[in-house]
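Shown next, in structure tokens, is the structure this report addresses.
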Amino acid sequence: MPWRGTSSAILLAAALGAACAVPASDETPVPTAEAVAADVARLSSTVRAERIEAEHRLSAADPSLLERLPQPREATDPAARLALTRIRKRLQERQAAQDSSATLLNVGRLRTLADLANASGSAIEVAAEQASRRVSVPDGQRPFWEVVDAVAAQARLWPVVSEHVRFRERMPDDDAKSVAYSGTFRLIAEPLRFKEISGETDDQLARVALEVQSEPKLRPLFLSYAADEFFLTTAEGAKLQPFSPKARYELPFGEGGRTASLGLDFIAATPIASGSFILAGRMTVVVAAGKERFSFPFARSDDRRDETVRSQGGVTVRLRKVERHADGTAEVELSVVYDEGGPAFESHRTWVYHNLAYVTYAAAGEDGSPSVRLDHQPGFSTLANAAGGVILAYRFADIPPDARDVTFHYEAPTRIIDVPVEFEMGLRSEEGRTEEREK
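Going letter by letter, the sequence shown gives residues 0 to 438 in numbering that gives the first Met the number 0.
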């Protein structure tokens, strides 16, 4: 079994570092349930000053309050509905900003890779055979990716990121790669490669293979960049021009992906004696931030049509149909509509198809909340896809016939945000390739 940290407190900050992740700035308050209920009640007060103070306190709370804050539609007073709408929007904006900021790891008592897994919450997963490897990091708060790379180098491992960061054995080629950081992103470049350009020219093509990786907590959708926003310079200060300076690109991170790969081409118009270079550039990563969970108990899905619609965080999810069968399978059909559109929603909406959809239930004889989770079977059906929304169908299997409290859950981001990524790194060239043009 892999070793995974148990803490869930991976808080987010403006940079990325003994037993938990902490924010980079002062923590905002998390009010008690009683305080929240009291302030929500004050939103309907006939005294304007009380309403304003209550709205201010709720708006200034930690964004985790969103999980306990009533939906605007639940308020009977019009003024309270409007206030709750404003409060949720402010908290969602702050949550989105936190989601796009780098994590700091407190590494004061980091001695083994198992300690690292615990320090990261659930962001890092360490295989059992790797857990006891000894590592050492200076005390204090350190950026997430810098800690990961430091301990990986000590343990002769290389990080691989998906839903979690895991480690594989380090290969000889890994030591030749260059690494840089920008907030929640890690950039990895292969050694620079040269090749002849076909045609009547003495110029060479200099290619950089670059990977962009995000922290596991992020859900990056795609990155966009322009060729003329990347700069390659020799150690002597000579600048190489981009091969296609007017080109613009958009690259997806893929389903559930945390890595995007791109190739950067430059023209080497003169013989290059140096094997050392500096690569700098900037790009934009579009990230799905914030999260709302929509839950629909199966028992009420067919006979209580008024309870099959959920609207929160600017997202409306309608449970259109649920069919359960004696063999333990079930089909769920739902529509998803966002109140706000924009290019990220309308032109790049493939992310809608990869939101989390799952079922929970309590086994027969169990008390309490549902304890078993079932993810949907691979694939899904798109029944309709129009501006403003999509209709999806999911299939589930192995639901026991005597299962209790069967509930369908759908999780969707509340905002789509642009995160700028800027970096500069030293770069090597492949041995022997820089002298080819001089022979």
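Think of the CB as a built atom: it goes at the ideal place given N, C-alpha and C, for glycine as much as any other residue. Keep in mind the model is a prediction, meaning the values are calculated, not measured.
| request: If I'm right that Q212 touches T258 with Cβ under 8 Å, what's the distance once you round it to whole angstroms? | output: A Cβ-Cβ distance of about 5 Å is found for the pair Q212 and T258, placing them in contact under the 8 Å criterion.
Near S243, which residues of its chain fall below 8 Å by C-beta distance, leaving aside the five closest residues on each side in sequence? Cβ neighbours of S243 beyond the five flanking positions: A226 and D264.
task = Could you tell me which residues DSSP puts in a beta bridge with K320?
result = Paired residues: E332.
Excluding five sequence neighbours on each side, which residues of the same chain lie with their C-beta closer than 6 Å to the C-beta of K194?
-> The answer, listed in chain order, is L204.
Would you please state the rounded distance, in angstroms, between the beta carbons of A356 and I398? I believe it to be under 8 Å.
-> Incorrect: roughly 14 Å between the Cβ atoms, too far for contact.
Contacting residues, own chain, Cβ-Cβ under 6 Å from F407 (five flanking each side not counted):
Excluding residues up to 5 positions away in sequence, F295, V331 and V358 lie with their Cβ nearer than 6 Å to the Cβ of F407 in the same chain.
Review point. When the distance is taken between beta carbons, is A113 closer than 8 Å to S131?
Key: Their beta carbons are under 8 Å apart, which means S131 touches A113 by this criterion.
Can you tell which of K320, V285 and L239 has its C-alpha closest to the C-alpha of K250? Just to set this straight, residue 250 is Leu in the shown sequence, not Lys. Out of K320, V285 and L239, V285 has the C-alpha closest to the C-alpha of L250.
Could you tell me if H55 is buried or exposed, where buried requires 16 or more neighbouring beta carbons within 10 angstroms of its beta carbon?
Burial call: exposed.
Q.
In chain order, what are the residue ranges of uninterrupted alpha helix (DSSP H) at least 4 long that sit wholly in the region 30-96?
A. Qualifying alpha helix (DSSP H) stretches, in chain order: 32-41 and 47-58.
| From which residue to which residue does the beta strand (DSSP E) around Q240 run? | Run containing Q240: K238 to P241, per the beta strand (DSSP E) assignment.
Problem - Buried/exposed call for A79, threshold 16 Cβ in 10 Å - result: The residue in question, A79, is buried, as its Cβ has 16 or more Cβ neighbours within 10 Å.
Spatial neighbours of K320 within its chain, please: CB distance less than 6 Å, with the 5 preceding and 5 following residues excluded, ordered by chain position. The answer, listed in chain order, is E332.
### A279 and L239 closer than 8 Å at C-beta
In this structure, L239 does not lie closer than 8 Å to A279 by Cβ.
I390 to L90 span [Cα, whole Å]: In this model, I390 and L90 are separated by some 28 Å (Cα to Cα).
- Task: Note down the Cα distance separating G388 from V336, rounded to an integer number of angstroms.
- Result: Those two C-alpha atoms are separated by around 4 Å.
- Please go through the region 152-200 and give each complete alpha helix (DSSP H) segment of 4 or more residues, from N-terminal end onward. Here no run is fully enclosed.
Indicate the three-state DSSP secondary structure (helix, strand or coil) for E228 in the structure shown. Helix, per DSSP.
Q. First and last residue of the alpha helix (DSSP H) that includes D114?
A. Where D114 is concerned, the enclosing alpha helix (DSSP H) stretches over L112 to A118.
_Within the region 121-152, ranges of the alpha helix (DSSP H) (whole runs, at least 4 residues)_ = You should have found no qualifying run.
| query | So what does DSSP say about F297, is it helix, strand or coil? | reply | In this structure, DSSP gives F297 a helical state, which the three-state scheme calls helix.
ask   = Alpha carbon to alpha carbon, how far is P419 from L220?
value = Rounded to the nearest whole angstrom, the C-alpha separation of P419 and L220 is 14 Å.
- Which of the three DSSP states, helix, strand or coil, is assigned to D264? Under the three-state reduction of DSSP, D264 is assigned to strand.
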